[in-house]
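A short worksheet on the structure shown next.
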Amino acid sequence: MKGVGFTWDPKTDCCTDWADPFLSCDDKTNRVIGLHMSKIDNVGYISPAIGDLPYLQSLDFNNVRNLSGSIPSTITKLSKLTFLRISQTNISGPVPDFLSKLKT
Numbered sequence: 006m007k008g009v010g011f012t013w014d015p016k017t018d019c020c021t022d023w024a025d026p027f028l029s030c031d032d033k034t035n036r037v038i039g040l041h042m043s044k045i046d047n048v049g050y051i052s053p054a055i056g057d058l059p060y061l062q063s064l065d066f067n068n069v070r071n072l073s074g075s076i077p078s079t080i081t082k083l084s085k086l087t088f089l090r091i092s093q094t095n096i097s098g099p100v101p102d103f104l105s106k107l108k109t
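Quick note, the sequence shown lines up with residues 6 to 109 if you use the working numbering.
This is the structure in structure tokens:
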């Protein structure tokens, strides 16, 4: 998986196929509500497709040393996001202004 979001097949149930600890899903709706990519080595960058997870509440990239690039602006589409952690990575550049659009 180079970019988060590129390898999911809409014909499969990622809540079943991707076991913990990577995903959290709502038990009633079976929607992805959490993406937890801590301490893994195979994530190259945060894909702009991350914004296509409208029910996402928690996004955690902690201690992902191979994570590089910038934070995509599509993250502002995540209107339900209440937790965002991007730490101990190789993300570079300034903290983008669009992060102020995230609602808490």
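Ideal Cβ placement from N, Cα and C applies to all residues, glycine included.
Item, Value
"Helix, strand or coil at L104 [DSSP, three-state]", "helix"
"Nearest residue (CA-CA) to Q93, options S105, G56, F27, D46", "D46"
"Identified DSSP bridge partners for S29", "G39"
"Neighbourhood of P101 by C-beta, 8 Å cutoff - its chain only, sequence neighbours within 5 removed", "S75, I76, S78"
"In DSSP terms, what G74 is bridged to", "I96"
"Three-state class that DSSP yields for D3 in the structure shown", "This structure gives no information on residue 3, because the portion of the chain shown stretches from 6 to 109."
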